[in-house]
Amino acid sequence: MTRSINFAAGPATLPTEVLERAKAELLDYQHTGMSIMEMSHRGDEFREVLTKAES
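Numbering (numbering that gives the first Met the number 0), first residue to last: 0 to 54.
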């Protein structure tokens, strides 16, 4: 697959490795058996993600 390069302001092209990891964890976040999108926003796993994102 040929990847496009984005030189515009705002979001940039991400490395394929980053996208592959996001893809895997979107289906099974850290081997929990569920997607991060399916988890409670009050759960420990989501709070950990939020804390890392805010720091």
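We put the CB at the ideal spot given by N, CA and C, even for glycine. In this text the structure is predicted, and so the values were computed from the model without any measurement.
Leaving out the 5 sequence neighbours to the left and right, which residues in its chain are closer than 8 Å to F45 when beta-carbon positions are compared? Counting only Cβ-Cβ distances below 8 Å, and skipping sequence neighbours, we find I35, M38 and S39.
How is M36 classed by DSSP in three states: helix, strand or coil? Looking at M36 - three-state DSSP - the assignment turns out to be helix.
Does DSSP put R41 in a helix, in a strand, or in coil? Three-state DSSP puts R41 in coil, outside helix and strand.
The alpha helix (DSSP H) that contains T15, what's its start and end? In the DSSP annotation of this structure, the continuous segment of the alpha helix (DSSP H) that includes T15 starts and ends at T15 to L26.
Helix, strand or coil: which one does DSSP assign to A52? DSSP places A52 in helix when its eight states are reduced to three.
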